[in-house]
Amino acid sequence: MSAVDQVTAALDRIKRLDPQLKCILRTQDAAAPIKSGDGLLQGVPIAIKDNICTHDGITTCGSKMLANYRSPYDAHVVERLRAAGAVIVAKTNCDEFAMGSSTEHSAFFPTRNPWNPECVPGGTSGGSAAAVAARLVPYALGSDTGGSVRQPAALCGVCGLKPTYGRVSRYGLVAHASSLDQIGPIATDVRGIARMLQVIAGHDPRDSTSAHEPVPDYLAALDQSTGKLCIGVPREYFGDGLDPEIRRAVEAAIETYKSLGATIREVSLPHSKYTIACYYIISTAEASSNLARFDGVRYGHRTANPRDYIDVYSSSRAEGFGPEVKRRIMLGTYALSSGYYDAYYSKALKVRTLIKRDFNEAFSQCDILLSPTSPTPAFKIGEKSDDPLAMYLADIYTTSISLAGIPAISIPCGLTASRLPIGLQLMATHFGEVRLLQAAHQYQSATAFHTATPPVCAE
Amino acid sequence: MQIKPIIGLEIHVQLATRTKMFCACPLEFAAEPNSRTCPVCLGMPGTLPVMNRTALEYSIKAGIALGGRIARFSKWDRKSYYYPDMPKNYQISQYDLPICSEGSFEIPKPDGSTRPVGIIRAHLEEDAGKNLHEGLDHTRVDLNRAGTPLLEIVTKPDIQDADEAYSFCVELQRLVQWLGISEANMQKGQMRFEPNVNVAITDGGVEYRTPISEVKNLNSFRSVRLAIAYEINRQVEAWKADHDYTLAKKGKMNFGWNDAKEATEFQRGKEESHDYRYFPDPDLVPVTVDDATLARLGAEVGELPLARQRRFIDTYGMTAKDCEVILADRATSELYDDAIAQVADAKLLTKQFVGIWNHLASARQSTIAGLGVPQVSVVELAKIVADGTISASAAMQVAEKLCEKGGSALEIAQSAGLIQERDESAMQAWIDQAFTENPQAVADALSDNPKKSKAAPGFLRGQVMKISQGKADPKLTGELIEKKILSLKC
Amino acid sequence: MPAPIDESQVRHIAHLARIKLTDAEVAAFGAQFANILKHFETLSEVNTDGVEPTAHPLPITNVLRDDEPVEPIGVEAALANAPARETPYFKVPKVLDQETA
Chain P
6 MSAVDQVTAA LDRIKRLDPQ LKCILRTQDA AAPIKSGDGL LQGVPIAIKD NICTHDGITT
66 CGSKMLANYR SPYDAHVVER LRAAGAVIVA KTNCDEFAMG SSTEHSAFFP TRNPWNPECV
126 PGGTSGGSAA AVAARLVPYA LGSDTGGSVR QPAALCGVCG LKPTYGRVSR YGLVAHASSL
186 DQIGPIATDV RGIARMLQVI AGHDPRDSTS AHEPVPDYLA ALDQSTGKLC IGVPREYFGD
246 GLDPEIRRAV EAAIETYKSL GATIREVSLP HSKYTIACYY IISTAEASSN LARFDGVRYG
306 HRTANPRDYI DVYSSSRAEG FGPEVKRRIM LGTYALSSGY YDAYYSKALK VRTLIKRDFN
366 EAFSQCDILL SPTSPTPAFK IGEKSDDPLA MYLADIYTTS ISLAGIPAIS IPCGLTASRL
426 PIGLQLMATH FGEVRLLQAA HQYQSATAFH TATPPVCAE
Chain L
4 MQIKPIIGLE IHVQLATRTK MFCACPLEFA AEPNSRTCPV CLGMPGTLPV MNRTALEYSI
64 KAGIALGGRI ARFSKWDRKS YYYPDMPKNY QISQYDLPIC SEGSFEIPKP DGSTRPVGII
124 RAHLEEDAGK NLHEGLDHTR VDLNRAGTPL LEIVTKPDIQ DADEAYSFCV ELQRLVQWLG
184 ISEANMQKGQ MRFEPNVNVA ITDGGVEYRT PISEVKNLNS FRSVRLAIAY EINRQVEAWK
244 ADHDYTLAKK GKMNFGWNDA KEATEFQRGK EESHDYRYFP DPDLVPVTVD DATLARLGAE
304 VGELPLARQR RFIDTYGMTA KDCEVILADR ATSELYDDAI AQVADAKLLT KQFVGIWNHL
364 ASARQSTIAG LGVPQVSVVE LAKIVADGTI SASAAMQVAE KLCEKGGSAL EIAQSAGLIQ
424 ERDESAMQAW IDQAFTENPQ AVADALSDNP KKSKAAPGFL RGQVMKISQG KADPKLTGEL
484 IEKKILSLKC
Chain F
-18 MPAPIDESQV RHIAHLARIK LTDAEVAAFG AQFANILKHF ETLSEVNTDG VEPTAHPLPI
42 TNVLRDDEPV EPIGVEAALA NAPARETPYF KVPKVLDQET A
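Respectively, the protein sequence lines represent chains P, L and F. Taking my numbering, the leading residue of the first sequence gets 6, the next gets one more, and so forth. Taking my numbering, the leading residue of the second sequence gets 4, the next gets one more, and so forth. Taking my numbering, the leading residue of the third sequence gets -18, the next gets one more, and so forth.
Structure follows, in structure tokens:
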């Protein structure tokens, strides 16, 4: 297909299928001329999570606060994509300010899982994952703070990568938790992930936390031999609360790796049970500060008739933010407030060190760690909305990786009996993306789970 | 009853970088509102800060000059509070690891001695924008200043009175200008002061301490002195009226300064304790300072103004007045210091700096170094006066030309006909002419009347100068006239 | 570990965070926070004596920029998203007091 055809096809599919899925918040102006060239993504239509700034059109972060916000600049990743010839065709739905695990916390509407429209697509990059799953676009970008690319990828049956912290510039990603946020690609297969990563990875002088590490040829690496893999299986990731169907699928994946010649070794991540507390203290603390700028002064929602200037803040924020965002800002404010800092925030930073050490220890015994991505498959829309803690606890397998800053990918490894996708999570050491993608690609070369399409694709 | 004031200062100094602390917006005073802004300093979603190397280095230089310990590991913290001129609603600052701590800074005393004032810390932080509401029923926000690098210096409560606080501020201004790290221009708000004042009162063997007043946002040396003096007096009077007016009972209070009334004013509603929720900024990485950097910056700091002043007084016999001119700025003092090694007569060079060069600089509203006359010309001018090639009075004309056009002092003097004639035969001819044309004066010189014989040679010398159109070396002329009179007498 | 959160604390935190809450929200958040904070407090079981905090996942230091100016975006772009403006200023109701935290 020509570049123009690919873009037209994507826009047509969005028009036809998205009304039932609600992945897309806005399609971008299709009148923009499609340039010819030989970029790695020449003419490829791409959907971008709506917390990543694009200079054309609106960037809402899934929030009423930014319902009409026009960014004056393109995010670093968007610049890179455009330079590689990609066409940004749509901005995707997400949980407000990337806080949630279901995309139900979008201020606009919930997105539906292409495998079952009564279920959530996961979150927070639910719109991006569902759009790729429904084959609306070949590739999308999400952002991952504690699992927000990997978990929706798992729940929608696609691949999603959270790169090493610092691998991809955060410039232009609206910050949720700065020490955890990474932008990551979503695609149907590992080759697509590698192609996207190739384009977006690399140093950016505008992000002080961006790494100088050279960018290897990820695509070429896929076709090279992985050598003999040693895969570690953290025993804490197979405990209570893991859905039995998911356990069976992941155990089957371990068998597949064995059959491919990998050595399997049980390892331990002893501080796993403290991950959720540690993650939510740090992420809410950072978020409470990062979101202070949304005050109705320079941009964003302002309350209609403020009593005074303080009311501009308090009422604009009360009206502009949804309940989950308010909850997290308040939790984070509490964790940083005088008298509580040591017990919460400072303690969590130390536990974070211990969690990092657990991974260092585990990776001294193996190349790759393997686990489920999510303890459960996609749940019904509305099922968990009254119990925030239950929603937080579902991030059990993804948040520790974010705390350690290491890369991890979720790839499809089966379907439940009720035909909901199951995700397999693979992890590697800092900047170990080549090994990680090779391991994931090896699995996809031997299995066909990633080729399964949701029923909506038959329409 | 004994009264001992306890005074500490918090001073904000704006650093003279070209760009803001965390973005590349140019710093410019009085630019069109909000025209010096970008997504970063506007706090727009998705933007990130990147630290200005020069601002960091300036702060380290200040730390070295303040005799402080430079943190080998430092970091950035967020200080949270909501205010319309704070785009992110947090300020990037340094909390528990300031770039400089535990310093000591010498200030001059009126008797010529110096006294150290302890420095608790100096740290870097970004400035806020401006809220403007004078004469309006609403507030306008200008964010041009938002993100400007500031150095906050906190002294120990070592300062003994308002005059000493005044000298501290003046000396600090000289220091930061000297180091080239700040223009420290008061009119532009580049130096702002917050004194903390209270008084220890000893009465009947018991010591009472009055509540600490923090006087906010003073922007002149004068207001610092007046506000402190006012507070000391006010606190003592308040204590006299009510012995419960103590720190233990009343705590710390904030005051504003009313410049028209020359009085402090209590600021209501500010007792609420702040909860700034400091935490390390995750968008910025820590800073480490290695030995090489510290050595390089230490060398750039060099000799401090007060030390150089002491050396100039001891070595070159300068007066306080000379110091005021020659140490007004670093470049001028260095011009002098480099020139003096090549000029034998220190007094003459000093005189030329304080006289000729200072005069020309003032006329051009410049510093002496700012005149742009190269050191080699400054040295040459001093030399040709010292050896009598030109007269001291002709030096001014030559200096003026050096400022305007540059070039060689000697060549300027030659083309302006300012070279003093020292050839004895040429001079003899002028002298003979003067003697011929002024027989009365010659007669007076030879007379026995002591009054007349004493005045006449001077008159004759004047005539020679006139005939020679000022070219005759006056000293040599005098000698030759004396000689001629003596020969006529015999 | 600190005592569980009560309604007055919820209101104080909401004030610090500049979020106006309804009474119903105060009650709901209070109950949820009690649960969540109880979970957070499991961290007190971990011995962290002598453990350095991790504020950044990567050990990067000294990221510094040259002091070279770049053209600003201009007044119109700066104000383009402002909910209220009085060109060339942003406009807010009158600020009467000084900073409050």
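Where a beta carbon is used, it is the ideal one built from N, C-alpha and C, also for glycine. The structure presented is a predicted model; accordingly, all values stated were derived computationally and were not measured.
Asked: Interface flag, residue -2(F) vs chain P, CB-CB below 9 Å; Found: yes
Asked: Three-state class that DSSP yields for residue 162(L) in the structure shown; Found: strand
Asked: Distance between beta carbons of residue 367(P) and residue 374(P), contact taken as under 8 Å; Found: 6 Å
Asked: Meets three-Cβ-pair contact criterion under 8 Å: the region 391 to 404 of chain L and the region 441 to 458 of chain L; Found: no
Asked: Cβ pair residue 25(L), residue 95(L) closer than 9 Å; Found: yes
Asked: Paired residues, beta bridge with residue 266(L) - DSSP; Found: 261(L)
Asked: Own chain partners of residue 102(L) with C-beta closer than 7 Å, once the 5 adjacent residues on each side are dropped; Found: 62, 63, 66, 73, 74, 77, 125, 126, 127
Asked: Residue 93(L): contacting residues in chain F (beta-carbon distance under 7 Å); Found: The contacting residues do not exist; residue 93(L) stays about 11 Å from chain F at best.
Asked: Residue 24(F) and residue 283(P) closer than 9 Å at C-beta; Found: yes
Asked: Pick from 399(P), 331(P), 287(P) that is closest to residue 347(P), judged by C-alpha positions; Found: 287(P)
Asked: Minimum Cβ-Cβ distance from residue 118(P) to chain F less than 9 Å; Found: no
Asked: Three or more C-beta pairs below 8 Å linking the region 182 to 200 of chain P and the region 64 to 72 of chain F; Found: no
Asked: Contact under 9 Å by Cβ, residue 289(L) with residue 79(L); Found: yes
Asked: Cβ pair residue 161(L), residue 113(L) closer than 9 Å; Found: no
Asked: Neighbouring residues, chain F, relative to residue 142(L) (Cβ below 8 Å); Found: 72, 73, 74, 75, 76
Asked: Three-pair Cβ contact test at 8 Å for the region 184 to 200 of chain L versus the region 454 to 463 of chain P; Found: no
Asked: Sufficient close CB pairs (3 or more, under 8 Å) joining the region 80 to 92 of chain L to the region 290 to 297 of chain P; Found: yes
Asked: Span of the alpha helix (DSSP H) around residue 253(P); Found: 249 to 264
Asked: Buried or exposed by the 16-neighbour rule on C-beta atoms within 10 Å, applied to residue 274(L); Found: Reliability of the predicted coordinates at residue 274(L) is poor, the pLDDT of 43 falling under 50, and the value obtained from them is presented with this limitation in mind. Classification for residue 274(L): exposed.
Asked: Chain F within 9 Å of residue 56(L), Cβ atoms only; Found: yes
Asked: Beta strand (DSSP E) segments (min. 3 residues) lying fully within the region 407 to 436 of chain P; Found: 413 to 420, 426 to 432
Asked: Outcome for residue -17(F) when other beta-carbon atoms lying within 10 angstroms are tallied against a minimum of 16; Found: Per-residue confidence for residue -17(F) stands at a pLDDT of 47, beneath the threshold of 50, marking its modelled position as unreliable; no derived number is given.
Asked: Which listed residue (51(L), 338(L), 37(L), 294(L)) has its alpha carbon closest to that of residue 494(L); Found: The structure shown does not extend to residue 494(L), since chain L is modelled only from 4 through 493, so no value can be given for it.
Asked: 9 Å Cβ cutoff, residue 8(F) in contact with chain P; Found: no
Asked: Three-state class that DSSP yields for residue 212(L) in the structure shown; Found: strand
Asked: Identity of the residue in 415(L), 429(L), 237(L), 422(L) nearest residue 474(L) by Cα; Found: 422(L)
Asked: Cut-off 8 Å between Cβ atoms - residues of its own chain near residue 210(L), not counting five sequence neighbours on either side; Found: 203, 204
Asked: Cβ shell of residue 509(L) (< 7 Å), same chain only, five flanking positions each side left out; Found: With chain L covering only 4 through 493, there is no way to say anything about residue 509(L).
Asked: DSSP three-state assignment for residue 194(L), whether helix, strand or coil; Found: strand
Asked: Residues from the region 46 to 59 of chain F in contact with chain L, defined by Cβ distance under 8 Å; Found: 46, 47, 48, 49, 50, 51, 53, 54, 55, 56, 59
Asked: Option nearest residue 273(P) by Cα separation, candidates 424(P), 414(P), 117(P), 239(P); Found: 239(P)
Asked: Exposure label - residue 4(L); buried when at least 16 CB within 10 Å; Found: exposed
Asked: Alpha-carbon to alpha-carbon, residue 8(L) and residue 238(L); Found: 10 Å
Asked: N- and C-terminal bounds of the beta strand (DSSP E) containing residue 71(F); Found: 70 to 74
Asked: Distance CB(residue 315(P))-CB(residue 444(P)) smaller than 9 Å; Found: no
Asked: Where residue 326(P) meets chain F, residues with beta-carbon distance less than 8 Å; Found: 0
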